[in-house]
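Chains as they are written, first to last, in the numbering used here: chain S, 13 to 235; chain U, 13 to 235.
Below you'll find the structure, written out as structure tokens, and then a few comments.
2 protein chains.
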Amino acid sequence: MSRMTVERRKAPRQAEAERNDRALLEAARAVLATDGAHASVAAIAKRAGVGIGSLYRRYPTKEALFQRLLDLALDQYLAAAEAALADPDPWNGLAGYVTTVIEFAGSLSPLAGMLPLTEEIRAKDRRAGEAVAAVVARAHDAGVLRPDATRLDVELLIEQLGRSPLVEQLAKRGRGDLDAAAGSARARIIAIALDGLRAAGHPPLPGDPPGYELFAERWEPAS
Amino acid sequence: MSRMTVERRKAPRQAEAERNDRALLEAARAVLATDGAHASVAAIAKRAGVGIGSLYRRYPTKEALFQRLLDLALDQYLAAAEAALADPDPWNGLAGYVTTVIEFAGSLSPLAGMLPLTEEIRAKDRRAGEAVAAVVARAHDAGVLRPDATRLDVELLIEQLGRSPLVEQLAKRGRGDLDAAAGSARARIIAIALDGLRAAGHPPLPGDPPGYELFAERWEPAS
DNA sequence: CAATGAACGGAGTAAATCGATCCGTTTCGA
DNA sequence: TCGAAACGGATCGATTTACTCCGTTCATTG
């Protein structure tokens with residue numbers, strides 16, 4: 013009992029380490045969104061305002077960093093779905109879920125198939141998937157979501173809207189001045205898609221509903 | 013006048029060259045769609061079933077190949093818009109235009125900002141843009157397109173739907189067996205978006221209509 | 001205040017990739 | 001049989017990448 017690990021106040025050096033860790037994860041997401049699968053560790057470190065050495069002290073490998081990012085993102089997925097269920101209005105809940113998840117879904121899709129999936133990640137994915145299913149089911153029962161759109165249709169729509177060539181390319185160049193306009197334009201696209209998702213006597217959707225293989229297979233690290 | 017260039021039947025070697033040229037352009041589009049801006053000449057040549065040497069005999073540089081691809085694509089844009097205007101039904105015309113253009117729009121967006129734009133390309137872009145404006149205006153006048161959606165909203169929607177993470181990633185791996193399912197899933201997403209575009213008492217779109225800078229700036233080869 | 005060690009930043013390294021060239025081979029027509 | 005034209009791909013220099021190594025900075029401790 014001699015080791016009094018009293019954490020009265022965090023050592024300033026440790027606090028800096030924590031800030032750096034958060035900055036790295038945020039930077040990884042941002043760079044992944046603009047550079048896609050070719051995001052380089054150098055770009056991530058630079059964006060985080062951190063030396064490459066510090067990145068590798070925290071994560072043994074680039075892959076480990078991305079795995080941690082994916083893990084945390086799945087937590088956000090789940091939280092968003094639970095927040096949607098907490099909304100008393102089934103449609104507002106669904107619409108809020110979609111718009112929330114779109115924000116960070118785009119950063120993740122480039123990772124599909126590049127990472128070994130830990131069992132923890134698979135478990136979190138299953139839990140999040142069930143929560144989303146509940147959100148969609150409630151909207152269906154309330155008659156506010158078009159009946160021929162399945163949960164996977166909704167998830168594919170989210171993934172489709174997650175990446176935005178417009179915003180990404182403008183970000184890759186300097187043009188931060190156009191960010192507001194680009195974001196606004198993107199919001200309009202999302203609004204249009206959501207209007208198409210709402211129950212409103214639309215003609216039936218073509219083809220068969222998508223199967224889950226389309227999701228699952230893509231994330232398996234075949235290579 | 014001694015050079016009798018009678019083209020009775022094409023020399024078989026020349027015919028092969030023409031086939032190769034078409035194969036190269038098609039391959040360039042496909043590789044650009046799956047690999048994005050990092051599409052390599054080696055990948056394009058391989059996909060076309062052609063040696064790298066043959067590629068460089070026809071195009072002095074990678075850039076020239078992409079410029080030619082862009083040039084031809086603009087012809088297709090224009091043709092699609094004219095076909096839309098030829099359709100007696102304003103909505104079917106617009107919807108057909110959107111679904112047609114989506115097919116190859118995705119291959120082009122990665123080129124934004126990577127190419128010097130020839131004056132010919134700029135001219136073709138202007139002509140195609142006017143044709144699209146006519147298609148949209150006719151749909152507006154007929155009251156079948158939601159009034160708050162502008163021509164640029166429509167074009168941005170096309171660009172957004174042009175790239176499909178699902179289809180691209182499945183293509184990058186072997187999984188050609190899932191192509192049909194992926195294409196069908198994608199068609200449903202497009203149908204949903206089109207339903208959101210149709211006039212049907214939707215709530216008004218948020219923010220201001222997008223301005224043209226969002227398009228123009230992005231294609232300028234700043235670097 | 002000197003010494004310790006944890007956290008830092010970034011130059012350096014070996015490997016991989018890319019655009020482009022060069023050249024030996026194949027194919028067709030005269 | 002010979003020459004020209006089109007072919008495929010090994011090869012090259014330049015660039016990029018993930019990762020290592022090391023000298024520096026800074027709060028704590030005796």
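Even for Gly, the Cβ is constructed at its ideal location relative to N, Cα and C.
Same chain only: Cβ atoms within 6 Å of residue i, ignoring 5 sequence neighbours per side
{"i": "D99 of chain U", "result": "G105"}
{"i": "A107 of chain S", "result": "L206"}
{"i": "L217 of chain S", "result": "D160"}
{"i": "I56 of chain S", "result": "A39, A40 and V43"}
7 Å Cβ shell around residue i - same chain, five flanking residues per side excluded
{"i": "A92 of chain U", "result": "Y109, T112 and V113"}
{"i": "R41 of chain S", "result": "L81, F116 and S119"}
{"i": "V53 of chain U", "result": "I64, L67 and K74"}
{"i": "A35 of chain S", "result": "A60, G61 and V62"}
{"i": "A85 of chain S", "result": "F116 and L120"}
{"i": "T46 of chain S", "result": "E180, A183 and K184"}
{"i": "W231 of chain U", "result": "A124, G125 and L129"}
{"i": "R175 of chain S", "result": "G118 and S121"}
{"i": "S234 of chain U", "result": "Note on identity: in this sequence residue 234 of chain U is Ala, with Ser being the wrong assignment. Once the five neighbours on either side are set aside, the close Cβ partners of A234 of chain U are G125."}
Neighbouring residues, chain U, relative to residue i (Cβ below 7 Å)
{"i": "H214 of chain S", "result": "D207"}
{"i": "S121 of chain S", "result": "P177"}
{"i": "D220 of chain S", "result": "S196"}
{"i": "I56 of chain S", "result": "Neighbours of I56 of chain S on chain U: none; closest Cβ ~18 Å, over 7 Å."}
{"i": "H50 of chain S", "result": "H50"}
Residue i, buried or exposed, once every other Cβ within 10 Å from all chains shown has been counted against 16
{"i": "D191 of chain U", "result": "exposed"}
{"i": "A203 of chain S", "result": "buried"}
{"i": "H8 of chain U", "result": "Within the shown structure, residues of chain U are numbered from 13 to 235, placing residue 8 of chain U beyond reach of any answer."}
{"i": "D189 of chain S", "result": "exposed"}
{"i": "L44 of chain U", "result": "buried"}
{"i": "Q26 of chain U", "result": "exposed"}
{"i": "Y224 of chain U", "result": "exposed"}
{"i": "A149 of chain S", "result": "exposed"}
{"i": "E171 of chain U", "result": "buried"}
{"i": "G141 of chain U", "result": "buried"}
{"i": "A124 of chain S", "result": "buried"}
{"i": "G48 of chain U", "result": "buried"}
{"i": "P122 of chain U", "result": "buried"}
{"i": "A96 of chain U", "result": "buried"}
{"i": "A220 of chain U", "result": "First, the amino acid is wrong: residue 220 of chain U is Asp here, not Ala. D220 of chain U should be labelled exposed."}
{"i": "A228 of chain S", "result": "exposed"}
{"i": "D165 of chain U", "result": "buried"}
Listed by chain order, chain U residues near residue i by CB distance under 8 Å
{"i": "G155 of chain S", "result": "Those do not exist, as G155 of chain S stays about 17 Å from chain U at its closest Cβ, beyond 8 Å."}
{"i": "L226 of chain S", "result": "L178, L182, L190, A193, A194 and A197"}
{"i": "A124 of chain S", "result": "P177 and Q181"}
Listed by chain order, chain S residues near residue i by CB distance under 7 Å
{"i": "A234 of chain U", "result": "R185"}
{"i": "G223 of chain U", "result": "A193"}
{"i": "L81 of chain U", "result": "Those within 7 Å of L81 of chain U in chain S number zero; the least Cβ separation is about 17 Å."}
{"i": "L168 of chain U", "result": "L178, A197 and I201"}
Beta-carbon proximity list for residue i, same chain, < 8 Å, skipping 5 on both sides
{"i": "K168 of chain S", "result": "The question names Lys, but residue 168 of chain S is Leu in the sequence shown. Contacts found: P222 and L226."}
{"i": "R21 of chain S", "result": "A caution first: R21 of chain S carries a pLDDT of 48, below 50, which makes its placement in the model unreliable, though a value can still be read off. Result list for R21 of chain S: empty, nothing under 8 Å."}
{"i": "D87 of chain S", "result": "K136"}
{"i": "N32 of chain U", "result": "A60, V62, S66 and R70"}
{"i": "A151 of chain U", "result": "P102, W103, G105, L106 and L157"}
{"i": "G155 of chain U", "result": "A211"}
{"i": "E38 of chain U", "result": "A60"}
Partner residues on chain S for residue i, Cβ-Cβ distance less than 9 Å
{"i": "D165 of chain U", "result": "A197, R200, I201 and I204"}
{"i": "L36 of chain U", "result": "Within chain S, no residue comes near L36 of chain U; the closest Cβ sits about 24 Å away, beyond 9 Å."}
Neighbouring residues, chain U, relative to residue i (Cβ below 9 Å)
{"i": "E229 of chain S", "result": "L182, R185, R187 and L190"}
{"i": "A161 of chain S", "result": "R200 and I204"}
Where residue i meets chain S, residues with beta-carbon distance less than 8 Å
{"i": "A29 of chain U", "result": "Here the premise fails: no neighbours, minimum Cβ distance about 34 Å."}
{"i": "E171 of chain U", "result": "P177 and L178"}
{"i": "L217 of chain U", "result": "R200, A203 and I204"}
Would you be able to state if there are at least three C-beta pairs under 8 Å between the segment 71-81 of chain S and the segment 196-212 of chain S? Per the Cβ contact rule, the segment 196-212 of chain S is not in contact with the segment 71-81 of chain S (fewer than 3 Cβ pairs under 8 Å).
Would you list, in sequence order, the uninterrupted alpha helix (DSSP H) runs of no fewer than 4 residues that lie entirely inside the segment 115-161 of chain U? Counting only unbroken stretches of 4 or more residues, the alpha helix (DSSP H) elements lying wholly within the segment 115-161 of chain U are 131-154, in sequence order.
Under 8 Å: do the segment 131-143 of chain U and the segment 54-67 of chain U share three or more Cβ pairs, one atom per stretch? Inter-segment contact for the segment 131-143 of chain U and the segment 54-67 of chain U is absent: fewer than three beta-carbon pairs are separated by less than 8 Å.
Within 8 Å, do at least three Cβ pairs link the segment 166-182 of chain U to the segment 192-202 of chain U? Taking one beta carbon from each stretch, the segment 192-202 of chain U and the segment 166-182 of chain U have 3 or more pairs nearer than 8 Å; the two touch.
Which runs of the alpha helix (DSSP H) fall wholly inside the segment 22-78 of chain S and span at least 4 residues, in chain order? Within the segment 22-78 of chain S, the complete alpha helix (DSSP H) runs of at least 4 residues are 24-47, 53-60 and 64-70.
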